[in-house]
Amino acid sequence: MKKKITFFVLHLGYGGIETSVINTVNSLIDYFDIEIVSFYNLEKNQVNMIDKKVKIKYLYEGEPNKKEFIKSVKRFNVVKAFKEGKKSLDIINKKKHLVADAIKNSKSDYLISTRMEFNILLSEYGSDKCIKIAQEHCYHNHNKKYLSTIKDKYNNIDYLLALTKTLENDYKEVLKGNTITKTKVVTIPNMLYEIPKEVSNLNSKNLITVGRLDTLKRNDDIIRAFSKIDNKDYTLTIIGDGKEEDNLKNLTSELNIEDRVIFTGYKTKEEIKNYMLNSNIFLMASETEGLPMVLLEALSYGLPCIVYDIENGVRDIIEDSYNGFIIKNRNEEEYVNRINHLLSNESELKQFGKNARESINNFTKEEVVKKWLDILK
Numbered sequence: 139m140k141k142k143i144t145f146f147v148l149h150l151g152y153g154g155i156e157t158s159v160i161n162t163v164n165s166l167i168d169y170f171d172i173e174i175v176s177f178y179n180l181e182k183n184q185v186n187m188i189d190k191k192v193k194i195k196y197l198y199e200g201e202p203n204k205k206e207f208i209k210s211v212k213r214f215n216v217v218k219a220f221k222e223g224k225k226s227l228d229i230i231n232k233k234k235h236l237v238a239d240a241i242k243n244s245k246s247d248y249l250i251s252t253r254m255e256f257n258i259l260l261s262e263y264g265s266d267k268c269i270k271i272a273q274e275h276c277y278h279n280h281n282k283k284y285l286s287t288i289k290d291k292y293n294n295i296d297y298l299l300a301l302t303k304t305l306e307n308d309y310k311e312v313l314k315g316n317t318i319t320k321t322k323v324v325t326i327p328n329m330l331y332e333i334p335k336e337v338s339n340l341n342s343k344n345l346i347t348v349g350r351l352d353t354l355k356r357n358d359d360i361i362r363a364f365s366k367i368d369n370k371d372y373t374l375t376i377i378g379d380g381k382e383e384d385n386l387k388n389l390t391s392e393l394n395i396e397d398r399v400i401f402t403g404y405k406t407k408e409e410i411k412n413y414m415l416n417s418n419i420f421l422m423a424s425e426t427e428g429l430p431m432v433l434l435e436a437l438s439y440g441l442p443c444i445v446y447d448i449e450n451g452v453r454d455i456i457e458d459s460y461n462g463f464i465i466k467n468r469n470e471e472e473y474v475n476r477i478n479h480l481l482s483n484e485s486e487l488k489q490f491g492k493n494a495r496e497s498i499n500n501f502t503k504e505e506v507v508k509k510w511l512d513i514l515k
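Using the numbering used here, read the sequence shown as starting at 139 and increasing by one per residue.
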């Protein structure tokens, strides 16, 4: 009889964490009975990407109302803001209690949580009869509160999964200060569940970026850099939605490049594939990342990547001057120069694309599943 795993997720919408979870459950379903417990039931989701053998349970039949609350506050609609604020508090309360109850009542052999608020609940309410596994999908940014939470509130966690060796070492150092913890820290990176059969021919005059449109992703820096490239025949495609969309569109107008920047909004994985195949460089400017799935996906389509250097995640994927460029100190001039360099050197662009495809070998399903099976004994 197969052992059972339950994953606890916030939602199954399009995002790095969600894509990582879906890839993992699809890869492990032949070895285990798997259930996903999702708090939100979002209208825009990736459920169609999940193997039909995976059971899905929703704890809350609704969506977050953060956007509605912020909008009502900005419009000084006091009555609406009060109602949305009250609803937000009710959702927060439900989230804590419903997830805690699901953890307490679970009969699974392995419980896996995917973000800090759920990791804390798993440590507090998870049974000693099961193996409790906490995943950290983001970089800590040396945030003292974040790190102290891991140190003080992960006492009952069996395994803490880090995305990179750097994070593994950091978490081990943090947990040294907790004399009662039993937690083992293990590196399991994100995986590419499927390697695309097609790769970009790198002949399209289009640059691309994919991700949430929020401040930490710094799409504004990408737009500014793009506005300064030499070849004005190129377009920039920005895939994703978020609270910064209007500000970013206004920025393209200010820079007089609105006719060269395409905002697609939310797109499914299959739709994104077509955009990737019709681009020739992937751009990223995030201030912080864990191990960005979107970079792995871009490389799998043979796209060279140009990124700003950050402390974690990027260097585990991008090798400077091999499959892309890593720009130090958020130097915009250098970022623009590297784009210009690749666009004006076709042979190097093609070689980077070939290298990009080859550099994903450590992140294939087969390699990452081996790491999972080492702890799911």
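The beta carbon of each residue, even a glycine, is placed where N, CA and C say it ideally should be. A quick note: this is a predicted structure, and the numbers were derived from the prediction, not measured.
Proximity of residue i and residue j at Cβ, strictly below 8 angstroms
i, j, result
"threonine 518", "asparagine 344", "Residue coverage of the chain in this structure runs from 139 to 515, which leaves residue 518 outside it and unanswerable."
"serine 342", "asparagine 416", "yes"
"tyrosine 439", "asparagine 164", "no"
"valine 507", "glycine 154", "no"
"tyrosine 309", "leucine 301", "no"
"leucine 150", "asparagine 183", "yes"
"phenylalanine 401", "lysine 387", "yes"
"isoleucine 419", "leucine 434", "no"
"isoleucine 89", "phenylalanine 170", "An answer regarding residue 89 cannot be provided, because it is not within the stretch 139 to 515 covered by the chain."
"alanine 238", "serine 251", "no"
"methionine 329", "lysine 503", "yes"
"threonine 347", "leucine 421", "yes"
"threonine 321", "glutamate 306", "no"
"glutamate 427", "isoleucine 444", "no"
"isoleucine 174", "proline 202", "no"
"isoleucine 465", "tyrosine 473", "yes"
"asparagine 412", "glutamate 382", "no"
"phenylalanine 501", "asparagine 461", "no"
"asparagine 179", "tyrosine 152", "no"
"leucine 351", "glycine 315", "no"
"lysine 291", "serine 261", "yes"
"isoleucine 367", "leucine 480", "no"
Run of the alpha helix (DSSP H) containing residue i, from where it starts to where it stops
i, result
"leucine 150", "Per DSSP, leucine 150 belongs to no alpha helix (DSSP H) and is neither H nor E."
"glycine 223", "216–243"
"serine 482", "Note, serine 482: premise wrong, no alpha helix (DSSP H); not H, not E."
"methionine 187", "First-last for methionine 187: undefined, no H or E at that position."
"arginine 362", "357–365"
"asparagine 385", "383–392"
"aspartate 368", "That residue, aspartate 368, is in no alpha helix (DSSP H); it is neither H nor E in DSSP."
"tyrosine 284", "282–291"
"lysine 411", "407–415"
Boundaries (first-last residue) of the beta strand (DSSP E) holding residue i
i, result
"aspartate 543", "Outside the displayed span of the chain (139 to 515) sits residue 543, for which this structure offers no information."
"leucine 197", "193–198"
"glutamine 273", "269–273"
Opposing strand residues paired with residue i [DSSP bridges]
i, result
"alanine 300", "Thr325"
"isoleucine 376", "Thr347 and Phe401"
"valine 445", "Met422 and Ile464"
"isoleucine 143", "Ile172 and Tyr248"
"threonine 502", "Leu330"
Buried/exposed call for residue i, threshold 16 Cβ in 10 Å
i, result
"lysine 536", "Since the first residue of the chain shown is 139 and the last is 515, residue 536 is not available in this structure."
"lysine 267", "exposed"
"threonine 353", "exposed"
"serine 286", "exposed"
"arginine 476", "buried"
"histidine 278", "buried"
"serine 485", "exposed"
"isoleucine 208", "exposed"
"glycine 200", "exposed"
"asparagine 161", "buried"
"methionine 414", "buried"
"serine 176", "buried"
"valine 452", "buried"
"glutamate 156", "buried"
"asparagine 450", "buried"
Reduced DSSP secondary structure (H/G/I, E/B, other) of residue i
i, result
"serine 251", "strand"
"threonine 162", "helix"
"aspartate 458", "strand"
"valine 337", "coil"
"glutamate 470", "helix"
"glutamate 201", "coil"
"lysine 212", "helix"
"leucine 434", "helix"
"tyrosine 277", "coil"
"leucine 429", "coil"
"lysine 320", "coil"
"aspartate 308", "helix"
"isoleucine 167", "coil"
"serine 536", "Past the edges of the chain, shown from 139 to 515, lies residue 536, and the structure says nothing about it."
"aspartate 352", "coil"
"asparagine 450", "coil"
"lysine 508", "helix"
"glutamate 156", "helix"
"asparagine 95", "Within the shown structure, residues of the chain are numbered from 139 to 515, placing residue 95 beyond reach of any answer."
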